[in-house]
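Working notes for the structure below.
There are 2 protein chains.
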Amino acid sequence: MNRKAYQDLSREELLELQSRLSEEYEEAKAKGLSLNMSRGKPAADQLDMGMDFLEVLNRDSDMMTESGVDTRNYGELTGIPEARRLMAEMMGVPAGQVIVCGNASLSIMYDTVSRAMTHGLLGSTPWCKLDKVKFLCPVPGYDRHFAITEHFGIEMINVPMTPDGPDMDLVEELVSKDPAIKGIWCVPKYSNPQGYVYSDETVRRFANLKPAAGDFRIFWDNAYAIHDLYEDRDNTLADILSACEKAGNPDMVFEFGSTSKVIFAGGGIAAVAASAANLRDIQETMTLQTIGYDKINQLRHARYFKNLNGLKAHMKKHADLMRPKFEAVLEVLDRELDGAGIGTWTRPEGGYFISFDAMEGCAKRIVAKCKEAGVVLTGAGATFPYGMDLADSNIRIAPSFPTSKELAMATDLFVLCVKLVSIEKLLEA
Amino acid sequence: MNRKAYQDLSREELLELQSRLSEEYEEAKAKGLSLNMSRGKPAADQLDMGMDFLEVLNRDSDMMTESGVDTRNYGELTGIPEARRLMAEMMGVPAGQVIVCGNASLSIMYDTVSRAMTHGLLGSTPWCKLDKVKFLCPVPGYDRHFAITEHFGIEMINVPMTPDGPDMDLVEELVSKDPAIKGIWCVPKYSNPQGYVYSDETVRRFANLKPAAGDFRIFWDNAYAIHDLYEDRDNTLADILSACEKAGNPDMVFEFGSTSKVIFAGGGIAAVAASAANLRDIQETMTLQTIGYDKINQLRHARYFKNLNGLKAHMKKHADLMRPKFEAVLEVLDRELDGAGIGTWTRPEGGYFISFDAMEGCAKRIVAKCKEAGVVLTGAGATFPYGMDLADSNIRIAPSFPTSKELAMATDLFVLCVKLVSIEKLLEA
């Protein structure tokens with residue numbers, strides 16, 4: 010691309026460009042767009058692909074688990090065997106290390122933090138009794154993770170992300186020195202929002218952490234374990250559970266997963282995987298919270314997907330819908346911004362998001378300008394703890410919900426806003 | 010009944026009776042029974058009645074709520090409108106005062122206590138920051154309630170039950186004097202285990218409590234709102250929410266309900282009803298716990314039951330199965346123990362339990378003796394906080410799961426054990 014970087018344009022060139030782009034922006038505004046690229050919501054056609062899931066069980070169905078338990082009745086606190094096996098395959102861990110719960114992994118994560126607050130972990134001091142509890146937060150990251158820790162008054166410390174995962178030099182240093190650091194939030198595969206996959210080396214270094222806090226835990230939110238866009242790329246994530254066990258740190262990790270973005274958002278099942286000791290600890294509280302989760306929906310899952318191959322076949326259909334959406338966004342970004350020096354972006358091969366970094370001090374204005382013209386993006390700053398992106402640079406793009414055509418239109422507007430705000434910024438300098 | 014009370018029998022008569030009954034017991038033991046009257050589990054034929062529920066939604070279904078929201082996608086934190094309305098009708102409260110959640114009201118109760126521990130209620134001091142938190146526990150009561158409060162280190166104070174509800178003189182006195190008393194557990198309709206229905210006067214007095222603690226709450230577990238055994242008896246429970254509002258105490262109550270014992274145990278939906286201020290408070294945390302509960306199962310409920318009439322029609326079918334079971338137990342108790350002076354029992358017109366009070370110091374031995382002969386009852390003491398029934402008298406009978414024939418056999422054995430243990434006790438005196 011032979012485009013001249015905006016920084017290399019003269020004031021006159023910038024003003025001329027601004028004038029032309031402003032006209033374009035006014036024209037776009039006049040179109041009255043109403044598009045949403047703010048949240049990782051599945052599109053309707055993606056959901057349509059799972060409609061036969063609703064018919065797996067009918068009035069003539071055998072409602073017994075393979076172990077002979079009636080799924081219609083109480084019991085099976087840890088989930089039915091076939092659902093535990095399915096979720097274990099999806100998460101790449103042994104079935105015995107998985108508890109299947111309700112419809113949301115977010116609830117399990119919340120409960121895990123909440124339980125640590127009120128009761129500690131494996132006999133440790135309840136976190137609510139401590140003066141200070143801290144979590145490491147790779148940034149940019151997932152706003153709902155940060156919201157949980159903020160809710161419990163846990164201090165969040167930013168750790169920069171790299172394409173291989175969090176800055177592990179910094180993680181190792183902080184975790185080994187400060188016993189108040191009790192956890193770290195991770196989305197290890199197709200990270201939210203970058204779409205990065207943690208490298209084997211990163212996983213190995215995680216498993217070999219030497220935390221000052223005996224009750225330090227890695228919160229491993231493996232939300233996109235099978236959400237690959239390309240069959241021919243190897244984005245395998247190393248198994249943190251066995252890595253931790255091998256490193257002599259079996260209890261240091263909680264792994265979470267769900268089928269919210271496999272079957273129906275909100276109508277799926279979620280699971281937690283951990284060491285035997287951690288699972289016993291979890292069950293002690295869980296048995297007070299419920300007599301058992303929805304085993305009928307667990308049975309529906311097990312009968313519908315059968316195994317990892319069944320899950321993968323279904324996700325291939327999703328990928329066929331999602332891939333063009335990601336490519337539509339990337340095509341516009343490449344065409345309009347490559348070489349312009351006013352933004353960088355990631356090229357995810359899976360997951361639900363693209364991360365965009367504007368020039369410093371521009372993100373909030375870009376998001377506002379998009380909104381003014383009818384395109385809603387995730388709020389600037391949302392990808393940082395306390396909503397504070399000090400560089401005011403990161404914007405999360407969620408291409409899953411609109412159609413490819415809508416995405417191209419929305420991204421056209423987005424790049425227009427990036428250009429205009431960047432010019433403003435350069436003219437201010 | 011002209012039976013002589015055991016207390017009026019001579020030592021010789023008791024010994025003779027003991028010898029005869031011991032033979033009967035040995036014969037019964039030889040039968041190798043394996044019956045369970047320990048938990049309020051629906052029987053398979055009761056669950057069979059809901060199998061068409063599984064077919065309400067199929068691949069051609071319109072999955073939109075009446076408000077146009079796609080139940081397959083994220084959102085609707087407080088539940089879909091038609092499910093909120095259904096649950097409100099079931100619980101007898103306005104739809105706007107209901108949040109529909111996941112499959113278990115127990116989880117909502119746990120979360121409510123947990124949230125009060127970590128964050129307080131409506132801005133009050135988090136309970137975990139207080140030296141002492143206490144709950145009143147009407148006894149005998151529901152073991153899972155007591156387990157939650159015990160888990161959080163909340164001190165439990167016993168309050169005797171009467172056929173009209175808890176001893177309100179005592180409740181009023183304790184609650185008005187002690188600011189450490191933050192709550193009371195209630196099963197107001199067909200109480201667990203007695204099957205009592207709180208009188209209108211009891212409800213009125215609850216609503217007019219003047220608690221010393223500003224964040225005192227009534228935990229109103231309306232688990233058996235529509236679980237009537239007899240159509241022709243009026244067991245209407247007064248609406249505590251409107252009573253509290255009328256009394257100027259709108260925020261003093263949380264009401265809970267679920268369809269676990271309406272459709273499938275574990276495959277139902279649960280709800281909490283409360284004042285607008287309390288619901289806002291709940292939502293502030295709930296929005297961190299989940300993006301939304303299983304809306305598809307909510308939709309299934311709304312389409313299947315439609316309204317209160319639909320729920321009642323379904324429950325009438327349950328009652329037709331449950332009534333003979335209760336009557337089978339009561340028939341044996343009446344026939345064998347009436348006038349014997351060695352036990353009293355309740356005659357519930359709904360719910361899932363019968364409460365039996367043996368002579369003091371006999372409950373544990375009766376339960377053990379039943380178990381020895383193959384009949385499992387709820388553990389003696391389970392109906393009291395900390396599992397401590399100081400009188401060692403109360404036994405909960407759960408007639409829902411076995412067949413009527415099995416129940417008659419199990420109750421025959423039960424009364425035999427009651428007689429034998431009572432004679433032992435009388436001979437010891």
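Protein sequences, first through last, are from chains Z and P. If you're matching positions, the first sequence starts at 10 in our numbering and goes up one per residue. If you're matching positions, the second sequence starts at 10 in our numbering and goes up one per residue. Even for Gly, the Cβ is constructed at its ideal location relative to N, Cα and C. On a predicted model such as this, the values are computed, not experimentally measured, just so you know.
- Ranked by how close their Cα comes to the Cα of H323(Z), the residues Q16(Z), D61(Z), S431(Z) have D61(Z) in first place.
- When the five nearest sequence neighbours on each side are left out, the beta carbons in the same chain lying within less than 7 angstroms of the beta carbon of F215(P) are those of I227, I249, in order along the chain.
- Closest in C-alpha terms to K198(P), from the list T245(P), I305(P), S185(P), comes T245(P).
- The shortest C-alpha to C-alpha distance from I406(Z) to any of L399(Z), L416(Z), E437(Z) is the one to L416(Z).
- Residues of chain P whose Cβ lies closer than 9 angstroms to the Cβ of N201(Z) do not exist; the shortest such Cβ separation is about 14 angstroms.
- R20(P) sits in a helix when the DSSP states are folded into three classes.
- DSSP places N167(P) inside the beta strand (DSSP E), whose first and last residues are 164-171.
- Between L435(P) and L26(P), the CB-CB gap reaches or exceeds 7 angstroms.
- Each of S114(P), I163(P), L145(P) was checked against the Cα of K138(P), and the nearest Cα belongs to I163(P).
- The alpha carbon of F265(Z) has as its nearest neighbour, out of M118(Z), N67(Z), R332(Z), the alpha carbon of M118(Z).
- Here DSSP, grouped into helix, strand and coil, assigns R405(Z) to strand.
- DSSP, read as helix, strand or coil, puts M368(Z) in coil.
- Nearest C-alpha to Y313(Z) among G84(Z), N287(Z), F273(Z): F273(Z).
- Interface criterion not met: the Cβ of D224(P) is under 7 angstroms from no Cβ in chain Z.
- Annotation for R124(Z): the continuous alpha helix (DSSP H) segment containing it runs 114-128.
- Here the region 331-347 of chain Z makes no contact with the region 106-122 of chain Z; the two share fewer than three CB pairs at distances below 8 angstroms.
- Per the coordinates, the alpha-carbon of R93(Z) lies some 17 angstroms from the alpha-carbon of R81(Z).
- When secondary structure is reduced to three states using DSSP, C110(Z) falls in the coil class, being assigned neither helix nor strand.
- Scanning the region 60-113 of chain Z from its first residue to its last, the whole beta strand (DSSP E) runs of 3-plus residues come out as 107-109.
- The closest CA to that of G204(Z), considering only F365(Z), S402(Z), E358(Z), is found on E358(Z).
- The alpha-carbon separation between M126(P) and M126(Z) amounts to approximately 10 angstroms.
- Residue pairing for V262(Z): DSSP places it in a beta bridge opposite I227(Z).
- Closest by C-alpha distance to R153(Z), out of G77(Z), I108(Z), R48(Z), M99(Z), is R48(Z).
- Take R124(Z), set aside five residues on each side of it, and the residues of its chain with a beta-carbon closer than 6 angstroms to its own are T294, in chain order.
- The Cβ atoms of E181(P) and L317(P) lie no closer than 7 angstroms to each other.
- Listed in chain order, the non-local C-beta contacts of F144(Z) below 6 angstroms within the same chain comprise T158, I163, M165, G192, local neighbours out to five positions each way being set aside.
- For V184(Z), the enclosing alpha helix (DSSP H) has its first and last residue at 177-186.
- Using a Cβ distance threshold of 7 angstroms, I404(Z) and A372(Z) count as a contacting pair.
- Around the beta carbon of D237(Z), 16 or more other beta carbons lie within 10 angstroms, which makes this residue buried.
- In the DSSP assignment, K255(Z) falls within the alpha helix (DSSP H) that extends over 249-255.
- The bridge partners DSSP lists for A282(P) are V107(P), E264(P).
- Taken in chain order, the unbroken stretches of alpha helix (DSSP H) that lie wholly in the region 279-330 of chain P and span 4 residues or more are 285-298, 304-314.
- In summary, the residues of the region 40-63 of chain P whose CB is separated from some CB of chain Z by less than 8 angstroms are R48, K50, P51, A53, L56, G59, M60, D61, L63, in the order they occur in the chain.
- The C-beta separation of P90(P) from S70(P) comes to about 17 angstroms, leaving the pair out of contact by the 8 angstroms criterion.
- In terms of CA proximity to V102(Z), A252(Z) leads the group V430(Z), L399(Z), A252(Z).
- Taking 7 angstroms as the cut-off, the beta carbon of V196(Z) is found no closer than this to the beta carbon of L179(Z).
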